[in-house]
Amino acid sequence: MKLKSLPEFKYMTFDVVGTLIDFESGLKDCLAGIAAEAGVDIDGEEALTLYRAARYSEDADLFPDDLVRVYLQVAPKLGLPADRSYGERLRDSARNWKGFADSADALARLAKDYRLIAMTNARRWAFECFARELGNPFYAAFTADDTGTEKPDPAFFEKVFDFVASEGNSKDDILHVAQSQYHDIGISRELGMTNCWIERRHAQKGYGGTIEPAEFTKPDYHFTSMVALADAVAQERK
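Sequential numbering from 1 applies to the sequence shown in UniProt numbering.
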């Protein structure tokens, strides 16, 4: 089937944490602050590897509340004090995580032509902070609290499909934009969506704080930044 051009879509759905919000820097900065107070040096990439292993466990809580549990699990391995108050500090740091430098401007540009829908595994309280950081560009938003599940569960996506259907449209009218192969790109392909991979870690090795997929999914569209996506849309709309 012929790939739809970018101007043909009515909606863009977005993963938020990792695609628009730089959670890896947020985590590393908070842990580095704790480490400095404790007189310890830590390696940021090692911290992300430990975070990833701890985060994706059967007893995980919703994000970012789960960062309290995660911190208590990784702290001893990083030589940090295993005190719950530091875990709460890591959780609460999410309120101040920054967007990638290009996120807000690119979203503002895209919002002129598309209905932007957030799809995040974060809880609603955290998403509201992220949305403010990004300039509140979203037409609608679905969080883990709203869906009762997390991506890559197809049920999360079905909630969005139902919403779009309520407006007389279908998943064929959606371009799903995300950085996570595991949470978004693979499952969106399985569900028959057109997808766009924002490869945020294109200049770095490994998957950082995001779980590695069982297999790589070649995306329909592929950019290394949000500004590149916005530029491509502008070029095609000329």
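Using N, Cα and C, we set each Cβ at its ideal position, and we do this for glycine too.
{"Asked": "Could you tell me whether the Cβ atoms of residue 246 and E88 are closer together than 7 Å?", "Found": "In the structure as shown, the chain begins at 1 and stops at 238. Residue 246 is therefore absent and cannot be evaluated."}
{"Asked": "What is the rounded straight-line gap between the Cα of M31 and the Cα of K159?", "Found": "According to the sequence provided, residue 31 is Leu. The question's Met does not apply to it. About 35 Å."}
{"Asked": "Looking at C-alpha atoms only, which residue of N169, V74, K98, V233 is the closest neighbour of G26?", "Found": "K98"}
{"Asked": "Y221 lies in the alpha helix (DSSP H); which residues open and close that run?", "Found": "Segment 221-223 is the beta strand (DSSP E) holding Y221; no alpha helix (DSSP H) there."}
{"Asked": "Grab the span of the beta strand (DSSP E) containing R117 for me, first residue to last.", "Found": "Rather than Arg, the amino acid found at residue 117 in this sequence is Ile. That run of the beta strand (DSSP E) goes 115-119."}
{"Asked": "Ignoring anything shorter than 4 residues, give me the alpha helix (DSSP H) runs that lie fully in the segment 124-151, in order along the chain.", "Found": "124-133, 144-147"}
{"Asked": "In the structure shown, what three-state DSSP assignment does M12 receive?", "Found": "strand"}
{"Asked": "Based on Cα-Cα distance, which residue from A106, I185, D43, H222 lies nearest to P152?", "Found": "I185"}
{"Asked": "Just to confirm, are T13 and M119 a CB contact at a threshold of 7 Å?", "Found": "yes"}
{"Asked": "Just the Cα atoms here: how many angstroms apart are D146 and V16?", "Found": "15 Å"}
{"Asked": "Ends of the alpha helix (DSSP H) at T49?", "Found": "44-55"}
{"Asked": "For the segment 158-174 against the segment 121-133, do three or more pairs of beta-carbon atoms, one drawn from each stretch, fall closer than 8 Å, so that the two count as touching?", "Found": "no"}
{"Asked": "Using a Cβ-Cβ cutoff of less than 6 Å, which residues in the same chain neighbour G79 once the five nearest sequence positions on both sides are dropped?", "Found": "V40"}
{"Asked": "Please go through the same chain and pick out, in chain order, the residues whose beta-carbon is closer than 7 Å to the beta-carbon of G206, but skip the five residues on each side of it.", "Found": "none"}
{"Asked": "Of all Cβ atoms in chain C, is any one closer than 7 Å to the Cβ of D41?", "Found": "You won't find chain C in this structure, because it holds only one protein chain."}
{"Asked": "Within this structure, are the beta carbons of D220 and L6 separated by less than 7 Å?", "Found": "no"}
{"Asked": "What residues in its chain sit with their C-beta under 6 Å from that of R95, if we drop five residues either side in the sequence?", "Found": "C129"}
{"Asked": "Taking the continuous beta strand (DSSP E) assigned at V177, which residues delimit it?", "Found": "174-178"}
{"Asked": "Quick check: I117 and A140, are their CB atoms within less than 7 Å of each other?", "Found": "yes"}
{"Asked": "Can you tell me which of the three DSSP states G168 falls into?", "Found": "coil"}
{"Asked": "Compare the C-alpha of F9 against each of M226, L90, C196, A144 and name the closest.", "Found": "C196"}
{"Asked": "Need the endpoints of the beta strand (DSSP E) that I198 sits in, please.", "Found": "194-198"}
{"Asked": "Does the beta-carbon distance from A60 to D66 come in below 7 Å?", "Found": "yes"}
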